[in-house]
Ligand code: UDP
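Residue numbers (full-length UniProt numbering): 1 to 149.
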C-alpha cells in the first residue's frame, strides 16, 4: 500500500491547525500509520530540504522549520502521494485553491503550513529519514470495505 510523508510545519502547529489537518486526511479515507510531534534538529531540516540547498530561501526555510514543534506523519492509501498534494494545494498559499489546506489557511510562501512528499520515491526517502521502522504501525481500518470497492 502506498505511503506518504506529511509534516505540519511550525506555523500550522502554532495556529492550532493540527486537528483540522489530521481530520481532512482521516475523512478522505487515508490511514494514519505514523505520528509524532518533535523539535526538528538543524541536521534533519537540512537533510529533508537537501534538494533546495542552493536556493536563496534555503537558510530561512531551515531556520523556520527548526523554530518550533512540527507534527510528522505517515499516511497510507491508494494514490495517497498525489492525493495528499491536492489536499495540501500548490506551494504559494495565495494562489492555492480554496478548499485546499494552503488555500484555506495561508498567505506567504514561507508560511505555507504543511509539507507533503512530491513523489512515491521521495515519500520513501522522507519516511525513512523521519521515522524508524518500529515507529510505524501497520494496521487495517475496519472501514476499509466502506472506503474501497
Ligand atoms: N519555499 C520558500 N520560498 C520559495 C519557495 C519555497 O520559502 O520561494 C519553501 C516553502 O515552505 C516550500 C518549501 O520551501 O513549501 C519547499 O519548496 P517546494 O518547491 O519543494 O514546495 P512544496 O513541495 O512544499 O510545495
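Quick reminder that beta carbons are idealized off the backbone N, C-alpha and C, glycines included.
Discussion item. Would residue 128 and residue 81 be called neighbours here (beta carbons separated by less than 7 Å)?
Written reply: Not in contact: residue 128 and residue 81 (Cβ atoms no closer than 7 Å).
Fill in: Unbroken beta strand (DSSP E) run spanning residue 35, endpoints
Residue 35 -> beta strand (DSSP E) spans 31 to 38.
Discussion item. With H, G and I counted as helix, E and B as strand and the rest as coil, what does DSSP make of residue 131?
Written reply: Of the three classes helix, strand and coil, the one that applies to residue 131 here is coil, per DSSP.
Discussion item. Between which residues of its own chain and residue 18 is the CB-CB distance below 8 Å, once the five residues before and five after are set aside?
Written reply: Contacts found: 8, 12 and 71.
Worksheet entry | Any non-hydrogen atom of the ligand UDP within 6 Å of residue 106 CB | Checking the 6 Å criterion, the Cβ of residue 106 is out of range of every heavy atom belonging to the ligand UDP.
Discussion item. Which residue marks the beginning of the alpha helix (DSSP H) containing residue 60, and which one marks its end?
Written reply: Segment 58 to 65, the alpha helix (DSSP H) holding residue 60.
Worksheet item: Who are the Cβ neighbours of residue 90 in its own chain at under 6 Å, not counting the five residues just before and after it?
Response: Cβ neighbours of residue 90 beyond the five flanking positions: 96.
Worksheet item: Cα-Cα, which of 108, 31 and 103 is closest to residue 57?
Response: Comparing alpha-carbon positions, the option among 108, 31 and 103 lying closest to residue 57 turns out to be 108.
Worksheet item: Any contact of the segment 40 to 52 with the segment 97 to 107, i.e. 3+ C-beta pairs under 8 Å?
Response: In this structure the segment 40 to 52 does not touch the segment 97 to 107; the number of beta carbon pairs closer than 8 Å is below three.
Item to complete: Within its chain, find whatever has a CB closer than 6 Å to the CB of residue 35; leave out the 5 residues flanking it on each side and keep chain order.
Response: Same-chain partners within the cutoff: 73.
Practice prompt. May I ask you to check if the CB of residue 61 is nearer than 6 Å to at least one heavy atom of the ligand UDP?
Written response: Yes - the ligand UDP has a heavy atom lying nearer than 6 Å to the Cβ of residue 61.
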